[in-house]
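Engineer: Take this structure, written in structure tokens, and hold onto it; I'll ask about it next.
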Amino acid sequence: MKKLLIIGIGAGNPEYITIQAINALNQADVFFILDKGISKEKLIHLRREICERYIKDRDYRFVEAGSPERERGGDYGVAVKDLNLAKQQVFERLIGDLGEDECGAFLVWGDPALYDSTIRILEAILRDGRHAFEYEVIPGISSVQALAARHKVPLNRIGGTIEITTGRRLAEGFPAHADSVVVMLDAEDTYRRLNAPDLDIYWGAYVGTPDEILVAGKLKDVAEDIARVRQAAREANGWIMDTYLLRRAGEGDA
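Those letters in the sequence shown? Residues 1 to 254, per UniProt numbering, in order.
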């Protein structure tokens, strides 16, 4: 039977790869590469670098496919559903070309369980019944973990709560029940809209890569600096991949 591996490859540093992920890399016959936009070539290069570093004495091949993009505007939920359906069609073509006894792998940035659709799409394919395969998920070091490590801060306070959310959700306001909030997928610099003088921010872009940028401080003091640095980095690299931690100032760090 065909086998698929969803391998978390960390936040960008090849040394974030776990031993379990290395063992999984050395099982794969085919690596499926789906990237999009101006960042595509650099992200493909990073994936190839990981394979060249860790795969030993084994033949393998890369199969590249275009990754559909979400329609902007309109209903967000509908757009995401349509995007995943389009991705499912791409996945099904790739799986259909896999040999019956071959092992294919998706190399997923960060951790496959966090803000990634690969698991969801494979489950949808199995439900539809057009393809038969088994699959395994290998966890990875997420940008959330890498951000905290690079800033040398814990994610939570002692006995406190932490929420992981998106910029879209943060636009509704800082969660009342949370002491610490990690924000991902924020294309709009949403932190600038928060009127919260007691918040600290720990921001990072391209965390774990040679292009890494880190900024930390009181949100009210560094928000505009982060926005300026972020825009400059986007212009220099053609894309941006960033995450940040917001925390209420006070005692109780764990």
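Each residue gets a CB set at the ideal place from its N, CA and C atoms; glycine is no exception.
Owing to the predicted nature of the structure, the values given are computational and were not obtained by experimental measurement.
#1: Using the beta-carbon count (16 or more within 10 Å), is M241 buried or exposed?
#2: Measuring CA to CA, which of A28, G12, P14, I7 is closest to A21?
#3: Measure how close the beta-carbons of Y16 and I158 come, nearest whole angstrom, since I'm counting them as under 8 angstroms.
#4: Considering Cα atoms alone, identify which of G160, R192, D198 is closest to E172.
#5: Could you tell me the distance, in whole angstroms, from the CA atom of L98 to the CA atom of Y54?
#6: Would a C-beta distance cut-off of 8 angstroms place L246 and I201 closer than the cut-off?
#7: Report the residue from K3, E224, A11, V215 whose alpha carbon sits nearest the alpha carbon of I95.
#8: Am I right that I33 and E64 are in contact with their C-beta atoms under 8 angstroms? What's the rounded C-beta distance?
#9: Any idea if T161 is buried or exposed, counting beta-carbon neighbours within 10 angstroms, 16 or more meaning buried?
#10: Could you pull out every residue in the same chain whose Cβ sits closer than 7 angstroms to the Cβ of A227, ignoring the five residues on either side in sequence?
Structural biologist: Working from what's here:
#1: In the sequence shown, the residue the question calls residue 241 occupies position 241. Its Cβ being crowded by 16 or more others within 10 Å, M241 is buried.
#2: In the sequence shown, counting from the first residue as 1, residue 21 sits at position 21. Ranking A28, G12, P14, I7 by Cα distance to A21 puts I7 first.
#3: Here residue 16 refers to the residue found at position 16 when the sequence shown is read from its first residue. Here residue 158 refers to the residue found at position 158 when the sequence shown is read from its first residue. Contact flag wrong, Cβ pair sits at about 27 angstroms.
#4: On the sequence shown, residue 172 is found 172 positions in, with the first residue counted as 1. Of the candidates G160, R192, D198, the one whose C-alpha sits nearest the C-alpha of E172 is R192.
#5: Numbered from 1 along the sequence shown, position 98 holds the residue referred to as residue 98. Numbered from 1 along the sequence shown, position 54 holds the residue referred to as residue 54. Near 23 angstroms, if we compare the C-alpha coordinates of Y54 and L98.
#6: In the sequence shown, the residue the question calls residue 246 occupies position 246. In the sequence shown, the residue the question calls residue 201 occupies position 201. Yes.
#7: For this step, residue 95 is matched to residue 95 along the sequence shown. Answer by Cα proximity: K3.
#8: Counted from its first residue, the sequence shown places residue 33 at position 33. Counted from its first residue, the sequence shown places residue 64 at position 64. About 5 angstroms; that satisfies the 8 angstroms criterion.
#9: As a working note, residue 161 is residue 161 in the sequence shown. Exposed: under 16 other Cβ atoms inside 10 Å.
#10: As a first step, residue 227 must be located in the sequence shown, where it is residue number 227. Excluding five sequence positions before and after A227, the CB atoms of its chain that fall closer than 7 angstroms to its own CB belong to D189, R192, given in chain order.
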